[in-house]
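Participant: Throughout the sequence shown, residue numbering follows numbering that gives the first Met the number 0, covering 0 to 275 in sequence. The beta-carbon is built from N, C-alpha and C at its ideal position, and this holds for glycine as well. The structure is given below, and queries will be raised subsequently.
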Amino acid sequence: MREYDDKKLIRSGSFGSVYKVKKGDAFYALKEMTDKGVRDREEKFLKLADHPLFPKFEESYDEDGKYYILEEYIWGTPLDEAITLRKGFGQPEAMKFAVTVADGIAFLQQSDGNILFRDLKAENLILQPDGEIRLVDLGTACYLEEADRSRAGTAGNSAPEQIDNKSKQGLYSDVYAFGMLFYHMLTGQKAPSGGKYVSVRKTDPTYSASLELLIRECTMEETSARIPDMYTVLTRLMDIAMQSPSGYKKIEKEAERVLKDFDGSERIVYSRNIQS
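Following this line, the structure appears as structure tokens:
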């Protein structure tokens with residue numbers, strides 16, 4: 000490892016260690032890995048993730064049999080800790096974070112080769128002092144066409160098809176994790192998995208029906224019943240956020256109608272459109 004003005008271990012795991020280091024006047028995150036292939040893969044996706052949600056790549060190098068990535072250090076509090084402290088966020092703040100995350104993941108999915116993030120969860124997000132959020136750790140990212148060659152993700156956060164190896168992974172896999180994250184942000188609690196959905200409006204009845212419906216359709220167990228990709232999720236979020244009062248009432252009325260008829264069977268094929 001090269002010499003740095005300051006160095007502090009942040010965490011370590013099976014693939015290596017992450018340090019906070021100082022180079023010149025700036026702080027960076029330095030990832031030390033023992034597998035060159037793993038390093039090269041993460042470097043590739045970090046460079047492709049040219050979006051404000053993700054840290055900026057600085058450089059990579061090899062030294063003494065170890066493989067390094069130097070990237071922007073993201074200051075702030077892990078989002079899971081902030082959620083626990085706040086016991087969840089209100090709808091306006093959660094919506095703001097959700098739009099930011101959806102935009103970044105949609106950017107990856109629409110890139111050449113269609114990139115899946117595969118481990119979207121509050122633990123991988125940082126809430127910065129300025130109130131913005133950033134997403135770190137692209138170590139599990141992959142191209143869509145190669146997704147089924149490996150299994151990655153976190154049980155209780157990631158889509159069932161990423162964990163059980165029984166069905167094909169797709170762009171809808173990140174959609175599931177997004178829905179679980181959104182639920183966590185709104186309620187302060189991890190969403191039940193295994194199809195045991197509990198309404199976010201049991202936590203707070205003021206949450207809108209359109210958000211309730213969006214989360215349900217993100218977290219369907221069957222992939223055919225789930226919202227197909229993050230661009231569609233982003234569009235739905237923006238429809239909710241940007242509606243005029245009259246248009247918003249129309250969306251809410253339709254969402255309430257669909258929720259009333261929602262039988263939870265997950266045998267439907269996703270085709271709903273609740274835009275005004």
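Expressed to the nearest angstrom, what Euclidean distance is found between the alpha-carbon atoms of Asp-238 and Gly-187?
Facilitator: Taking the straight line from one Cα to the other gives about 24 Å.
Participant: Is the distance from the Cβ of Arg-117 to the Cβ of Ala-140 below 8 Å?
Facilitator: For Arg-117 and Ala-140, yes; Cβs fall inside 8 Å.
Participant: Go ahead and pull the three-state DSSP assignment for Ile-9.
Facilitator: Here Ile-9 sits in strand by DSSP.
Participant: Quick one: is Pro-51 buried, meaning 16 or more other Cβ sit within 10 Å of its Cβ, or exposed?
Facilitator: By the 10 Å Cβ count, Pro-51 comes out exposed.
Participant: Should Leu-120 go down as buried or exposed, given a rule of 16 or more other Cβ atoms within 10 Å for buried?
Facilitator: Here residue 120 turns out to be Lys, not Leu, going by the sequence shown. Per the 10 Å Cβ criterion, buried.
Participant: Taking only runs that begin and end inside the segment 178 to 220, name each unbroken alpha helix (DSSP H) of 4 or more residues, in chain order.
Facilitator: Qualifying alpha helix (DSSP H) stretches, in chain order: 208 to 217.
Participant: Take Leu-115 as the anchor and find which of Val-98, Gly-103 and Lys-35 has the nearest alpha-carbon.
Facilitator: The residue with the shortest Cα to Cα distance from Leu-115 is Gly-103.
Participant: Under DSSP, the alpha helix (DSSP H) around Val-37 begins and ends at which residues?
Facilitator: From DSSP, the alpha helix (DSSP H) with Val-37 extends over 35 to 47.
Participant: Does the Cβ-Cβ distance between Val-174 and Ile-214 come in under 8 Å?
Facilitator: Taking 8 Å as the Cβ cut-off, Val-174 and Ile-214 do not qualify as a contacting pair.
Participant: Does the Cβ-Cβ distance between Val-100 and Phe-177 come in under 8 Å?
Facilitator: Cβ distance < 8 Å, so Val-100 and Phe-177 count as in contact.
Participant: For the beta strand (DSSP E) that contains Ala-105, what are its first and last residues?
Facilitator: Premise fails: Ala-105 lies in the alpha helix (DSSP H), 90 to 108, not in any beta strand (DSSP E).
Participant: DSSP on Tyr-175, reduced to helix/strand/coil?
Facilitator: Note: Tyr-175 maps to helix in three-state DSSP.
Participant: Between Tyr-182 and Ala-105, how many whole angstroms is the CB-CB distance? I'm expecting something under 8 Å.
Facilitator: With a Cβ gap of about 19 Å, Tyr-182 and Ala-105 do not count as contacting.
Participant: The beta strand (DSSP E) spanning Glu-71 covers which residue range?
Facilitator: Residues 65 to 71.
Participant: If you draw a straight line from the C-alpha of Asp-203 to the C-alpha of Ala-190, how long is it?
Facilitator: Taking the straight line joining both Cα atoms gives about 15 Å.
Participant: Run the CB neighbour count on Pro-91, radius 10 Å, all protein chains shown included, and call it buried at 16 or more, exposed below.
Facilitator: Exposed, by the Cβ-count rule.
Participant: Taking 8 Å as the threshold (C-beta atoms), are Glu-70 and Glu-57 in contact?
Facilitator: A contact, by the Cβ cut-off of 8 Å.
Participant: For Thr-76, list the residues DSSP reports as bridge partners.
Facilitator: Its beta-bridge partners are Leu-126.
Participant: To the nearest angstrom, how far is the alpha carbon of Val-199 from that of Glu-211?
Facilitator: The straight-line gap from Cα to Cα measures roughly 6 Å.
Participant: State the DSSP-derived secondary structure class of Ile-226, mapped to helix, strand or coil.
Facilitator: DSSP places Ile-226 in coil when its eight states are reduced to three.
Participant: Kindly indicate which residue of Val-98, Gly-64 and Leu-126 has the alpha-carbon position closest to the one of Leu-84.
Facilitator: For the residues Val-98, Gly-64 and Leu-126, the minimum Cα distance to Leu-84 belongs to Leu-126.
Participant: Helix, strand or coil for Leu-134? Go by DSSP, reduced to three states.
Facilitator: Leu-134: strand per DSSP, three-state reduction.
Participant: What is the DSSP secondary structure of Ala-146, reduced to helix, strand or coil?
Facilitator: Helix.
Participant: Using DSSP with H/G/I as helix, E/B as strand and the rest coil, what is Ala-81?
Facilitator: Three-state result, Ala-81: helix.
Participant: In angstroms with no decimal places, state the Cα-to-Cα distance between Val-232 and Phe-44.
Facilitator: Distance between the alpha carbons of Val-232 and Phe-44: 22 Å.
Participant: Please report the straight-line C-alpha distance between Gly-23 and Leu-107, rounded to a whole angstrom.
Facilitator: Computed Cα separation, rounded: 31 Å.
Participant: What are the partner residues of Asp-61, as DSSP defines its beta bridges?
Facilitator: Paired residue(s): Tyr-66.
Participant: Going by DSSP, which residues form a beta bridge with Val-232?
Facilitator: DSSP lists no partner for Val-232.
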